[in-house]
Amino acid sequence: VAAVSDFTPLNFSQQKIKKTGNELELKLKRTPDILKILGEQKQPEQKLIGFAAESENLQQNGQKKLQQKKLDYIVINDLQVSGKDETEVVVMNKTGSQKLTGDKFRVAHRILDIIYGK
506 VAAVSDFTPL NFSQQKIKKT GNELELKLKR TPDILKILGE QKQPEQKLIG
556 FAAESENLQQ NGQKKLQQKK LDYIVINDLQ VSGKDETEVV VMNKTGSQKL
606 TGDKFRVAHR ILDIIYGK
């Protein structure tokens, strides 16, 4: 699992950027959508599970990503509870969704149970 940034700096500096005023303009460009690329290349026998961090409209945004990226499952992390000992996620597939809350370790195991049908 990797958290890939949606954007990357347009220009890179080999040296430290010195203070030259009160503002710095940072231009960003989109990075390739690795999960979408994997969805397009997925073989029928493969399962593709995506992870997303969302702060609002978890169900709608998750459903959209599930379809657009050709995922079998998506696990949506609720950023409203980010940084705490307990977590809250929504696990979705084409047939429905399930909200999981609790200890991160237990939630992780529950996600695996859902994906592998236990």
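For the sequence shown, the residue numbers in my numbering are 506 to 623.
The C-beta atom is built at its ideal place from N, Cα and C for all residues, glycine as well.
Keep in mind it's a predicted model, so treat the numbers as computed, not measured.
Nonlocal neighbours in the same chain, by C-beta distance under 6 Å from residue i, ignoring five residues either side
| i | result |
| --- | --- |
| Tyr578 | Ile554, Asn598 and Ile620 |
Cβ-based burial, residue i [other Cβ within 10 Å; buried from 16]
| i | result |
| --- | --- |
| Val509 | exposed |
| Gly607 | exposed |
| Ile522 | exposed |
| Ile581 | buried |
Inter-residue Cα distance where the pair is residue i and residue j
| i | j | result |
| --- | --- | --- |
| Ser602 | Leu617 | 14 Å |
| Thr525 | Lys532 | 17 Å |
| Val612 | Glu528 | 42 Å |
| Gln585 | Leu576 | 24 Å |
| Val595 | Ala557 | 10 Å |
C-beta neighbour in chain D for residue i, strict 8 Å
| i | result |
| --- | --- |
| Gly601 | No chain D appears in the structure shown, which is made up of a single protein chain. |
Cβ-Cβ separation, residue j to residue i (assumed contact under 8 Å), whole Å
| i | j | result |
| --- | --- | --- |
| Lys534 | Thr513 | 6 Å |
Please go through the segment 514–553 and give each complete beta strand (DSSP E) segment of 3 or more residues, from N-terminal end onward. 533–535
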